[in-house]
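Note that the protein sequences, when read in sequence, are chains E and Z. Per this note's numbering, residue 1 is the first one in the first sequence, and the count goes up by one each step. Per this note's numbering, residue 1 is the first one in the second sequence, and the count goes up by one each step. Glycine residues also receive a C-beta, built at the ideal position from the N, C-alpha and C atoms.
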Amino acid sequence: MRRYVIIGNGVAGTTAAENIREMDKEGKIDIITDESTLFYTRIRLPEYIAAEVEEERIVLHKPEWYRERNIVVHLGKPVTDIDQAKREIYTTEGTTLNYDRLLLATGSHSFVPPIRGVDKPGVFTLRTIKDAQDIRDYAAEAKRVILIGGGVLGLEAGNGLRRRGIEVTVVEFFPRLLPRQMDVPGAELLQRQMEEMGFSFHLGAKSQEIRGTQRVEGLLLEDGQILSADMVLISAGVRPNLDLAQKIGLEVDRGVLVNDRLETQFPDIYGAGDLIQHRGIFYGIWPASEKQGQVAGINMAGGDALYEGTVMSNRLKVVGIDLVSAGDIDADEKLEKRVQKDEQRFIYRKLVLKDGILVGCILFGDISGAREILHAIENKKNVQALKDDLLVKGFDFKRLES
Amino acid sequence: MEQWQCSVCGYIYDPAKGDPDNGVDPATPFEKIPDDWVCPVCGASKDQFEKA
């Protein structure tokens, strides 16, 4: 009987366990994690901190799911070391598990930039359900929150708090919102729309020190301004959890290096999810981790599957608003473009052309035609003859497919 | 026709609207969507959906 151990119970680890069980009905499968909740979706944590959904909705697999599949989950047990010669893993609790196949699916953690005062009570990051519970509890008494970092995840979390009636101020180092997805006019429109929703912004602003004697009272910016707040939420991206991998000597760049079978350099040790780097890419998105978990699980159980990458979606929802951003968005205004802007309805649509070929787009507030436009960009379609009609109301986007 | 919800992100598939941006025509019941279709919001696979 083969023994499988999976470290991490996120989407990669859980999907791997499910796939192993489908192929190997007899094997012993153990999932071990430092978290104290069964497999849940972190994508809905902003709704959770807004108190709009309860934990029950966020936890995706109930105990029965594990029982039916004969998968054992060990919660609240950080893994401290792995002995490859003995094929054993160790936890802080003293638990030892033996493996024949091991999957590292330890995920990632929130990056905390070096700002003075980040250790004060009232400073949070949002990654795990535990973080969300802490934020939700603390927010019950809070009136004003400062969001450090204006990326999609941060804005989503901030929007959750705003819906609870908390004033939200966004402090972002970059001079505009969503710099990778938006050009200046698009970002300004998004900002205005969010200001109407009740957000405040300090863009191009650097955080210097979180102030407060017992707990958070405000944030000092580098230009000397002091913003008052009872809570700070830092949202500055994620970093892979590499400690364990590095401890056992695995080769690491941004993440743990794996091949297309998701094998690490060590025999019988696989990697999937946020901690890996595959063909040079760190994904950090749900569908990539799900697919990687599937491929790793199949291979661990003796099958033969390859992971060949995941297409990054160009479609986002920002605080409930649809946004499709792809290719060269020509943020520095060097290329030919067609733009449709409706400031009243908060719609901004921009198509970027290079020698008659569609090379990029921003579709904000109205994503009609997104599918055909994305196809055209992908296929480097020459739209010279259509370019003046593309953003005219009523344009039949099927014409882009012919 | 029944609505289905993505358990991962909360997106609701409304068969009346379909998901034309991803090749699913309006009036397509959830059961008739191809198995390789994924949630248009978060990319989760079709088996992550449950009846809303």
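Would you check if the region 16-29 of chain E and the region 66-79 of chain E touch, i.e. whether three or more CB-CB distances between them fall below 8 Å? Verdict: yes, contact present.
Given R2 of chain E, which residues of its chain have a CB within under 6 Å of its CB, disregarding the five upstream and five downstream residues? Numbered from 1 along the first sequence, position 2 holds the residue referred to as residue 2 of chain E. Excluding residues within five positions, the ones whose Cβ falls inside 6 Å are G27, D100.
In this structure, how does DSSP classify P240 of chain E when only helix, strand and coil are distinguished? Position 240 of the first sequence holds residue 240 of chain E. The three-state secondary structure of P240 of chain E, taken from DSSP, is strand.
If the cut is a Cβ gap below 9 Å, which residues of chain Z does I347 of chain E touch? In the first sequence, residue 347 of chain E corresponds to position 347, counting from 1. For I347 of chain E, there are no C-beta contacts with chain Z under 9 Å, since the nearest C-beta of that chain is about 16 Å from it.
For Y16 of chain E and chain Z, any beta-carbon pair shorter than 9 Å? Here residue 16 of chain E is taken as the residue at index 16 of the first sequence, counted from 1. The amino acid at residue 16 of chain E is misidentified as Tyr; the sequence shows Ala. No, its Cβ sits nowhere closer than 9 Å to a Cβ of chain Z.
Terminal residues of the alpha helix (DSSP H) in which I234 of chain E lies: For the purposes of this step, residue 234 of chain E is identified with residue 234 of the first sequence, where counting begins at 1. Careful: I234 of chain E lies outside any alpha helix (DSSP H), inside the beta strand (DSSP E) at 231-234.
Using only CA atoms, which one of E:V168, E:V232, E:R215 lies nearest to F201 of chain E? The residue given as residue 201 of chain E occupies position 201 in the first sequence. The option with the nearest alpha carbon to F201 of chain E is E:V168.
As a quick exercise: from E:A139, E:A376, E:L400, pick the residue whose alpha carbon is nearest that of L233 of chain E. As a working note, residue 233 of chain E is residue 233 in the first sequence. For L233 of chain E, the nearest C-alpha among the options comes from E:A139.
Is the CB-CB distance between A16 of chain E and Q277 of chain E below 9 Å? As a first step, residue 16 of chain E is located in the first sequence; it is residue number 16 there, counting from the start. As a first step, residue 277 of chain E is located in the first sequence; it is residue number 277 there, counting from the start. Taking 9 Å as the Cβ cut-off, A16 of chain E and Q277 of chain E do not qualify as a contacting pair.
Rounded separation between D131 of chain E and T125 of chain E - CA only: The sequence position of residue 131 of chain E within the first sequence is 131, counting from 1. The sequence position of residue 125 of chain E within the first sequence is 125, counting from 1. Within the model, the alpha-carbon separation for D131 of chain E versus T125 of chain E is close to 7 Å.
Span of the beta strand (DSSP E), counted from its first residue to its last, around V73 of chain E: Looking up residue 73 of chain E in the first sequence gives position 73. Where V73 of chain E is concerned, the enclosing beta strand (DSSP E) stretches over 71-74.
Of all the beta strand (DSSP E) runs that stay within the bounds of the region 131-215 of chain E, which reach a length of 3 or more residues? Listed in chain order, the complete beta strand (DSSP E) runs (minimum 3 residues) inside the region 131-215 of chain E are 144-148, 167-172, 199-203, 207-211.
Chain-ordered chain E contacts of P40 of chain Z [CB-CB under 7 Å]: Working through the second sequence from its first residue, we reach residue 40 of chain Z at position 40. Ordered by position in chain E, the residues that pass the 7 Å Cβ test against P40 of chain Z are R315.
Taking Cβ to Cβ, would you say R245 of chain E is nearer than 9 Å to T106 of chain E? Here residue 245 of chain E refers to the residue found at position 245 when the first sequence is read from its first residue. Here residue 106 of chain E refers to the residue found at position 106 when the first sequence is read from its first residue. The sequence given here places Ala at residue 245 of chain E; Arg does not occur at that position. Yes, they are a contact pair.
Would you list, in chain order, the members of the region 31-47 of chain E that have their beta-carbon closer than 7 Å to a beta-carbon of chain Z? Per Cβ criterion, the list reads T41, I43, R44, E47.
Among the residues of its own chain, which have a CB less than 6 Å from the CB of L97 of chain E, if the five just before and after it don't count? If you number the first sequence from 1, residue 97 of chain E lands on position 97. Scanning its chain for C-beta atoms nearer than 6 Å, with the 5 sequence neighbours on each side dropped, one finds around L97 of chain E the residues V5, D30, I89, in chain order.
So for D21 of chain Z, helix, strand or coil by DSSP? In the second sequence, counting from the first residue as 1, residue 21 of chain Z sits at position 21. Of the three classes helix, strand and coil, the one that applies to D21 of chain Z here is helix, per DSSP.
Do you know how far the Cα of V38 of chain Z is from the Cα of M312 of chain E? Translated into the one-based positions of the first sequence, residue 312 of chain E becomes position 312. Translated into the one-based positions of the second sequence, residue 38 of chain Z becomes position 38. Using only the alpha carbons, I get a separation of about 13 Å.
Flag E251 of chain E as yes if its beta-carbon sits less than 9 Å from any beta-carbon of chain Z, otherwise no. Sequence index remark: in the first sequence, residue 251 of chain E carries index 251 (1-based). By this cut-off, E251 of chain E is not an interface position.
Over what stretch of residues does the beta strand (DSSP E) that includes A17 of chain E continue unbroken? The residue given as residue 17 of chain E occupies position 17 in the first sequence. Looking at the DSSP string, A17 of chain E is not in any beta strand (DSSP E); the run it does join, the alpha helix (DSSP H), is 11-23.
In chain Z, which residues lie less than 7 Å from A370 of chain E when you measure between Cβ atoms? Here residue 370 of chain E refers to the residue found at position 370 when the first sequence is read from its first residue. Neighbours of A370 of chain E on chain Z, chain order: D21.
Just list the residues that DSSP pairs A108 of chain E with in beta bridges. Translated into positions along the first sequence, residue 108 of chain E becomes position 108. The sequence shown places Ser at residue 108 of chain E, rather than the Ala named in the question. Note: S108 of chain E sits in a beta bridge opposite E:P240.
Nearest chain E C-beta to Q3 of chain Z closer than 9 Å, yes or no? In the second sequence, counting from the first residue as 1, residue 3 of chain Z sits at position 3. Taking Cβ atoms only, chain E never reaches closer than 9 Å to Q3 of chain Z, which makes this a no.
Could you name the residues of chain Z that L60 of chain E contacts, counting a contact when the two beta carbons are closer than 9 Å? Indexing the first sequence from 1 puts residue 60 of chain E at position 60. Against L60 of chain E, the close residues of chain Z are S7, V8, Q48, in the order they occur along the chain (beta-carbon pairs closer than 9 Å).
Do the region 260-275 of chain E and the region 180-187 of chain E touch if we need at least three Cβ pairs shorter than 8 Å? No, the region 260-275 of chain E is not in contact with the region 180-187 of chain E.
For G43 of chain Z, go through chain E and note every residue whose CB falls closer than 7 Å to its CB, in chain order. The residue labelled residue 43 of chain Z in the question sits at position 43 within the second sequence. Chain E residues near G43 of chain Z: I285, W286, P287, S313.
In whole angstroms, give me the CA-to-CA distance for K46 of chain Z and D35 of chain Z. Here residue 46 of chain Z corresponds to residue number 46 of the second sequence, with the count starting at 1. Here residue 35 of chain Z corresponds to residue number 35 of the second sequence, with the count starting at 1. Spanning the two alpha carbons is a distance of roughly 6 Å.
Which whole-angstrom value is the C-beta distance of A229 of chain E and V359 of chain E, which I expect to be below 8 Å? Counting from 1 along the first sequence, the entry for residue 229 of chain E is found at position 229. Counting from 1 along the first sequence, the entry for residue 359 of chain E is found at position 359. Actually they do not touch by this definition, with Cβ atoms about 42 Å apart.
Can you tell which of E:K393, E:H61, E:E52 has its C-alpha closest to the C-alpha of T37 of chain E? Reading the first sequence from its first residue, position 37 is the one you call residue 37 of chain E. The residue with the shortest Cα to Cα distance from T37 of chain E is E:H61.
Would you call G255 of chain E buried or exposed, if buried means 16 or more other Cβ atoms sit within 10 Å of its Cβ? As a working mapping, residue 255 of chain E is identified with position 255 in the first sequence. Classification of G255 of chain E: buried, given that the 10 Å Cβ count is 16 or more.
Who are the neighbours of I367 of chain E on chain Z, taking C-beta pairs under 9 Å? Numbered from 1 along the first sequence, position 367 holds the residue referred to as residue 367 of chain E. At a C-beta separation below 9 Å, I367 of chain E has these neighbours in chain Z: D21.
Limits of the alpha helix (DSSP H) - the one that R315 of chain E falls within: Counting from 1 along the first sequence, the entry for residue 315 of chain E is found at position 315. In the DSSP assignment, R315 of chain E falls outside any alpha helix (DSSP H) and lies within the beta strand (DSSP E) extending over 315-318.
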